[in-house]
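Residue numbering for the sequence shown is 348 to 498, as defined by the numbering used here.
Cβ coordinates follow ideal geometry from the N, Cα and C atoms, glycine included.
Bear in mind that the values here come from a model prediction, so they are computed numbers and not experimental data.
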Amino acid sequence: MADFYGAFRCGRRPDVTLRRYEPRDDGFLLEGAHDGYAHLPGRPIHIRRFDVSPGAVTIEDRLQGFTERASRIGFLLHPDVAVANDGDVLRLLRDDARVEMTASAPLIIEDAAWWPDMGVEQMTRRIVVTPAQGADSRVELRFSAGIGTPS
């Protein structure tokens, strides 16, 4: 996470590390980290891992170290994406594309604004995941090819 001031001015910048990359015949595993929150008490490090295989992407997000601040993961949806909450599964649909999303923490849908261009604002929705607070908090998200349409 970088600090931005005004138009196109950047202050503190994180150090980003590629921790692991494993190509496979049917996908890959990619893990990276950054220290963009190191200025906070506990100096947490953000670690994200992608496990990509045919029909599915699993993301593990982890904060290594302790922080008293709550974290949030947000997925801003394009306004044309329909979303339905089916208990523990979110179903996303746009045209013929269908994706199911699950997580190890509650999934919340909230109203949000999207700015596709300077001065242009469109209302849309955002999916928010709030991992548990504390030392070494972790959340797993899974996106898979879905079946059916949102209701």
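request  = Count the other CB atoms, across all protein chains shown, that sit within 10 Å of the CB of VAL467; report buried if there are 16 or more and exposed otherwise.
outcome  = So VAL467 counts as exposed.
Residue from GLY379, PHE375, ARG371 whose Cα sits closest to the Cα of ASP362 = Comparing Cα-Cα distances from ASP362 to each of GLY379, PHE375, ARG371, the minimum goes to GLY379.
query = Between which two residues does the beta strand (DSSP E) containing PRO370 stretch?
reply = 363-371
request  = Counting only the same chain and skipping the five closest in sequence on each side, list residues whose C-beta sits under 6 Å from that of ARG489.
outcome  = Once the five neighbours on either side are set aside, the close Cβ partners of ARG489 are THR405, THR449.
key: Cβ pair count under 8 Å reaching 3, the stretch 376-394 against the stretch 405-425   = yes
ask   = Got a sec, what are the start and stop residues for the beta strand (DSSP E) VAL436 sits in?
value = 436-441
ask   = Is it right to say PHE375 is buried, meaning 16 or more other beta carbons lie within 10 angstroms of its own, or is it exposed?
value = exposed
Proximity of SER400 and ASP373 at Cβ, strictly below 8 Å = Contact flag set, yes.
Opening and closing residue of the beta strand (DSSP E) in which ASP398 lies = Boundaries of the beta strand (DSSP E) harbouring ASP398: 392-400, taken from the DSSP string.
request  = Please work out which residues of its chain come closer than 7 Å, Cβ to Cβ, to ASP427, disregarding the five sequence neighbours upstream and downstream, and give them in chain order.
outcome  = By the criterion of a C-beta distance shorter than 7 Å, ASP427 is surrounded in its chain by ARG441, once the five residues flanking it on both sides are discounted.
query = Per DSSP, which one or two residues make a beta bridge with PHE422?
reply = ILE474
query = Name the DSSP beta bridge partners of ALA403, please?
reply = SER400, SER491
key: Assigned exposure category for TYR368 - 16 Cβ within 10 Å defines buried   = exposed
Distance between beta carbons of ARG473 and GLY402, contact taken as under 8 Å = GLY402 to ARG473, Cβ: 25 Å. No contact.
key: Bridge-paired residues (DSSP) for ARG359   = None, per the DSSP bridge assignment.
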